[in-house]
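Line order of the protein sequences matches chains S and X.
For what it's worth, the numbering used here labels the leading residue of the first sequence as 673, then goes sequentially.
For what it's worth, the numbering used here labels the leading residue of the second sequence as -11, then goes sequentially.
Every residue, glycine too, gets a C-beta built ideally from N, C-alpha and C.
Some notes on the structure that comes next.
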Amino acid sequence: AQSVTQPDIHITVSEGASLELRCNYSYGATPYLFWYVQSPGQGLQLLLKYFSGDTLVQGIKGFEAEFKRSQSSFNLRKPSVHWSDAAEYFCAVGASGGSYIPTFGRGTSLIVHP
Amino acid sequence: DAGVTQSPTHLIKTRGQQVTLRCSPKSGHDTVSWYQQALGQGPQFIFQYYEEEERQRGNFPDRFSGHQFPNYSSELNVNALLLGDSALYLCASSLHHGGYGYTFGSGTRLTVV
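Structure below.
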């Protein structure tokens, strides 16, 4: 069965600073990988996804993520954080041979200081 | 373009009662999945419905059941509510294979007292 580890429960950055959120997955075959964002009291919004091809994936809101098979990682990055980026971020892995149902990590809470 | 719609947004129930949550998928989507998100946790997969049948199920007891209608909308039913069922319940829709990603609704906040 697939699983996801997000080692950082909270991350605090200053507005304008760069950001990297870590995600490690466990899955026996080529995974399908996702990053979602959740604002307080809201549902999940898809930031980006990786299915195959170029390992550097561009998403919405200026986010990108890089798939590294050798490290089983799919870290999310943003060069300059805005105060509106404060939210909960979830990494998820889907089974490539099935219905791609995402299995989520526990999330990383991003706090942005002015 | 309407996204995923869930109702109600908030609900308070008493232990032992039964509850029904509703979901209308995004236009063009035919598959509905339900997730439970406890406070401070990631969403946990409950089950997925496609062609009016439960296609896949997560590690949830039989107290959790569902239904999908011909118009692709779906219901989640929980019987004999426990305090531990208090959570945000998220509905996600997709095209049947899910390869284009899942679109989530804003959820129903269920509180069991």
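- Going by beta carbons, S/PHE739 and S/PHE762 fall outside the 8 Å limit.
- In the structure shown, the three-state DSSP call for X/LEU70 is coil.
- Against S/THR775, the close residues of chain X are PHE33, in the order they occur along the chain (beta-carbon pairs closer than 8 Å).
- The continuous stretches of beta strand (DSSP E) do not include X/GLU40, and DSSP gives it neither H nor E.
- By the criterion of a C-beta distance shorter than 8 Å, X/GLY(-9) is surrounded in its chain by LYS14, THR91 and GLY93, once the five residues flanking it on both sides are discounted.
- For S/GLY779, the closest Cβ of chain X is nearer than 8 Å.
- Your pair X/SER21 and X/ARG10 does not check out as a contact, with CB atoms roughly 14 Å apart and the cut at 8 Å.
- Distances from the CA of X/ASN59 to each of X/THR99, X/LEU70 and X/ASP18 were compared; the closest alpha carbon is that of X/ASP18.
- A residue is called buried once 16 or more other Cβ atoms fall within 10 Å of its Cβ, and X/GLN5, having fewer, is exposed.
- Less than 8 Å separates the beta-carbon of S/ARG749 from that of S/LEU691.
- Cα atoms of S/GLY766 and S/LEU782: separation of roughly 24 Å, rounded to the nearest angstrom.
- Contact of X/GLN24 with chain S is not assigned, every C-beta pair being separated by 8 Å or more.
- Closest in C-alpha terms to X/ALA26, from the list X/HIS84, X/SER74 and X/THR(-7), comes X/SER74.
- Taking 9 Å as the Cβ-Cβ cut-off, the stretch 57 to 84 of chain X approaches chain S at LEU76, LEU78, CYS79, ALA80, SER82 and HIS84, given in chain order.
- S/TYR722 is outside the set of residues whose beta carbon lies under 8 Å from a beta carbon in chain X.
- Under the Cβ criterion of 8 Å, X/SER21 is counted among the residues facing chain S.
- For S/SER744, the three-state secondary structure derived from DSSP is coil.
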